[in-house]
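Undergrad: Here it is: the structure, laid out below.
2 protein chains.
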Amino acid sequence: MTKREHLQVGLTVDLAVLTVREGILQALVIERGNDPYRGRDALPGGFLRAGEGLREAAARELGEETGLDGGALHLEQLATYGAPARDPRGRVVSVAYLAIAPDLPIPAAGSDARSARWAPVEKVHGALAFDHSDILGDAVERARSRLEYTTLATAFCGDVFTIGDLRKVYEIVWGTPIDPRNFSRKVTHTEGFILPTGARRLPETGRPAALYRRGPAQALIPPLLRTAT
Amino acid sequence: MTKREHLQVGLTVDLAVLTVREGILQALVIERGNDPYRGRDALPGGFLRAGEGLREAAARELGEETGLDGGALHLEQLATYGAPARDPRGRVVSVAYLAIAPDLPIPAAGSDARSARWAPVEKVHGALAFDHSDILGDAVERARSRLEYTTLATAFCGDVFTIGDLRKVYEIVWGTPIDPRNFSRKVTHTEGFILPTGARRLPETGRPAALYRRGPAQALIPPLLRTAT
DNA sequence: GCAAAAGTGTTCTTGGTACACCCATGG
DNA sequence: CCATGGGTGTACCAAGAACACTTTTGC
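Just so you know, the sequences run in chain order A and D. Start counting the first sequence at 20; every next residue gets the next number (my numbering). Start counting the second sequence at 20; every next residue gets the next number (my numbering).
Printed below as a string of C-alpha cells:
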C-alpha cells in the first residue's frame, strides 16, 4: 500500500499425485538431482513461469517431470505453504496441487525427470525434502475426504472398472474394510455415479464382473461417510 | 531446477471476513485509496513481509486494516489466486483467507485503514476490485459448507448465545428457513457443540432463552446437511 | 464338483422431517 | 390476558448397518 518496493518471492507449484497400485496407496516422487536435498525424494514441482496460471503450471510440471497428461487427470488446488524457512534457497512459497491418477503402467521419464517413480505413501511420508511430507499428509487427508462427498474414486480407476475395483479404492484409501453388498447398492443407486457398459471382465477365478464407466455426477448425495474409526 | 533466475512474484494475503449483522450476511470491505482501482471497494489485505508466515501476515493485515484481533477469530486458508493478469501492477499472487467474526460493534479504523466497513455480501459481490468478487464468492461457499460439517457457526456468535441466535446464523448464511424444534434437538444432542451456561437472556418480549457457550467439538458428527434447494 | 469372486434381499436401527402443544415473560 | 418467542414430544420415513445365500466361471 505504501510506495516502497514490496517483498518478492519465488513461487513454486508442487504436486501430490496419488494412485492405488499393487493394493496400496502410492504417491509419485522424484529423486532430487540438485541441492538442496540432493538425492532425497521430493514431490514433483517447479517454479511458476511468466504469463502462466497456477493450474497451468501444475499441469505443465506434471507432464515435464512424469510424462503424465495433466489435462487428463483430476487436478485440484490443495493449499499453499509459505513458512519463512521452508526452502533454504530463500523465500519460496509453494502452491500445492492434488492429482489423482489411475494405476498407470509406469510414469514415463520425461525430459526433466531424473527418476520419477511410484512409492507407497506409508514409506515416503516423513522422509521427503522440504515440507513435502506435510503436503503429502494434507493431500491424503483431502483425498479421503473427497471420497466421502464426491465421485472422485472413479479417478483412481481406468476407463472401465468393476464395482469391486471401486470398492478396493475406498478400502485402500480409507484403510478400512467395506461391506460389498451395501457398497454395491450405494453406488448403483446413486444417479450418475457409474454407468454400465454391458461388458464383463473375467477374473482369474470366479464369476465374471460387470464393467462400468464414470458417470456425469460430481457430488455424492447423500455422502458415503467413513464410520468413525 | 536450472540455475537461471526464476520468476519472482509479489505475494499478497487477502481476507474475506464474514459476519452476520442486521439479519444479513456481511463482508468487511475497504475503499481503496490508491490506484489501481482507487475508490473501489476491495477485500482487506496486503503484501507479505520478509520473515513472516502466511497466516501470520493474514492476522497482521486484519489487525492493521480493521482493528480486529486476528488471533481471536476463526481464520483459515481459503485458496490461492494467481491468474497472470489479475493485478495490473504486475505479477501478484494472492493467498486468500476466510475469517469469521461475531457481530462486532464496528470495525475500528486502524492505522492503515481508509474506510473499513461492513457491507452486505449481496451488494458488493460483483463490484469488488481485482478478482476479489471471485474470492468472496468462494469464501461464502466455503462458509456454507463449513456450517454443515463443523461447529463453525458458533464463530459468528458472541461469547454467549441462544439456540435461536445460532439457528439464525444457519438460516442467514444458507438462505433457507430451518425448523426450530429439530434444530434445537440436533445441536443439544451433538456432544460438545454448545455448553449451557445456566444464564438466560430476556428478549424484548417473550420467554427468556437459555444461554450457551461454544463447546470443544470441532467436527459435527453426523453433519447437518442443507437439503437440496 | 470345488474353489473363488459376483451379485441379490431382508431386518433392524438410527437419524431426519414434519407437525402441535405448553411455558415464561413483558406490557 | 395477550402477544411473543422458547422449549419439548411423537409419528413417520429414508438411509445405513448387519447379515446368508445363490450364481457363474476356471480348474
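Glycine is no exception: its CB is placed at the ideal position from the N, C-alpha and C atoms. Predicted, not measured: the structure shown is a model, and the values here were computed from it.
(1) Tell me which same chain residues have a C-beta within less than 8 Å of the C-beta of Val111/A, skipping the five on either side of it?
(2) Hey, out of Thr99/D, Arg79/D, Leu37/D, Gly225/D, whose CA is closest to Asp122/D's CA?
(3) Which runs of the alpha helix (DSSP H) spanning at least 4 residues fall entirely within the stretch 80 to 162 of chain D, listed in chain order?
(4) Does Arg245/D get closer than 8 Å to chain A when you measure Cβ to Cβ?
(5) The beta strand (DSSP E) that contains Glu223/D, what's its start and end?
(6) So if I threshold CB-CB distances at 7 Å, which residues from the stretch 66 to 77 of chain A count as touching chain D?
(7) According to DSSP, which residues form a beta bridge with Ile43/D?
(8) Mind pulling the chain D residues with CB within less than 9 Å of Ala118/A?
(9) Would you call the stretch 48 to 67 of chain A and the stretch 140 to 148 of chain A touching, i.e. three or more CB-CB distances under 8 Å?
(10) Between the C-alpha atoms of Arg165/D and Val39/D, what's the straight-line distance to the nearest angstrom?
(11) Using the C-alpha atoms, what's the distance from Pro235/D back to Thr173/A?
(12) Got a sec: is the Cβ-Cβ distance from His25/D to anything in chain A below 8 Å?
(13) DSSP three-state label for Glu190/A, please.
(14) Which residues in the same chain have their Cβ closer than 6 Å to the Cβ of Leu81/A, if we skip the five residues on either side of it in sequence?
(15) Counting only beta-carbon atoms, is Ala98/D nearer than 8 Å to chain A?
(16) So what's Ile49/A in DSSP terms, helix, strand or just coil?
(17) Taking its Cβ as the centre, do 16 or more other Cβ atoms sit within 10 Å of Thr224/A, making it buried, or is it exposed?
(18) Would Leu34/A count as contacting chain D if we go by Cβ distances under 8 Å?
(19) Does Pro215/D come out as helix, strand or coil in the three-state DSSP assignment?
(20) Report the residues of the stretch 30 to 63 of chain D with a CB closer than 7 Å to any CB of chain A, ordered along the chain.
(21) Find the residues of chain D that neighbour Pro103/A, judging by a C-beta separation of less than 7 Å, and give them in chain order.
(22) Does the stretch 42 to 51 of chain A come into contact with the stretch 133 to 143 of chain A, if we say contact requires no fewer than three beta-carbon pairs (one atom in each stretch) closer than 8 Å?
(23) Just by C-beta distance, which residues in the stretch 141 to 159 of chain A are closer than 9 Å to chain D?
(24) Helix, strand or coil: which one does DSSP assign to Thr195/A?
(25) Is there at least one Cβ from chain A nearer than 8 Å to Val179/D's Cβ?
(26) Counting contacts by CB-CB distance shorter than 8 Å, is Val114/D in contact with chain A?
(27) Rounded to a whole number of angstroms, what is the C-alpha to C-alpha distance between His144/D and Lys187/A?
(28) Note the first and the last residue of the continuous beta strand (DSSP E) segment covering Ala228/D.
(29) Is Leu244/A near Lys205/A, with beta carbons less than 8 Å apart?
(30) If contacts are defined as beta-carbon pairs under 8 Å, then Ile49/D and Tyr100/D qualify, I think. What distance do you get, rounded to the angstrom?
(31) Please state whether DSSP places Asp60/D in a helix, a strand or coil.
(32) Contact defined as beta carbons within less than 8 Å: I believe Val179/A pairs with Arg226/A. What is the distance between those atoms, to the nearest angstrom?
(33) Please check if any C-beta of chain D sits within less than 8 Å of the C-beta of Val28/A.
(34) Buried or exposed: which applies to Asp198/A, given that a residue is buried once 16 or more other Cβ atoms fall within 10 Å of its Cβ?
(35) As a quick exercise: from Leu117/A, Gly52/A, His25/A, Arg200/A, pick the residue whose alpha carbon is nearest that of Arg163/A.
(36) State the DSSP-derived secondary structure class of Thr170/A, mapped to helix, strand or coil.
TA: For this structure:
(1) Val28, Gly29, Leu30, Thr31, Arg105
(2) Leu37/D
(3) 140 to 143
(4) no
(5) Run containing Glu223/D: none; DSSP gives neither H nor E here.
(6) Phe66, Leu67, Arg68, Ala69, Gly70, Glu71, Gly72, Leu73
(7) Arg40/D
(8) By Cβ distance, chain D contributes nothing, its closest Cβ being about 16 Å from Ala118/A, past 9 Å.
(9) yes
(10) 15 Å
(11) 36 Å
(12) yes
(13) helix
(14) Leu34, Leu87, Gly89
(15) yes
(16) strand
(17) exposed
(18) no
(19) strand
(20) Leu30, Asn53
(21) Gly70, Glu71, Gly72
(22) yes
(23) none
(24) coil
(25) no
(26) yes
(27) 43 Å
(28) 228 to 233
(29) no
(30) With a Cβ gap of about 18 Å, Ile49/D and Tyr100/D do not count as contacting.
(31) strand
(32) Not confirmed; about 17 Å, so no contact.
(33) yes
(34) exposed
(35) Leu117/A
(36) coil
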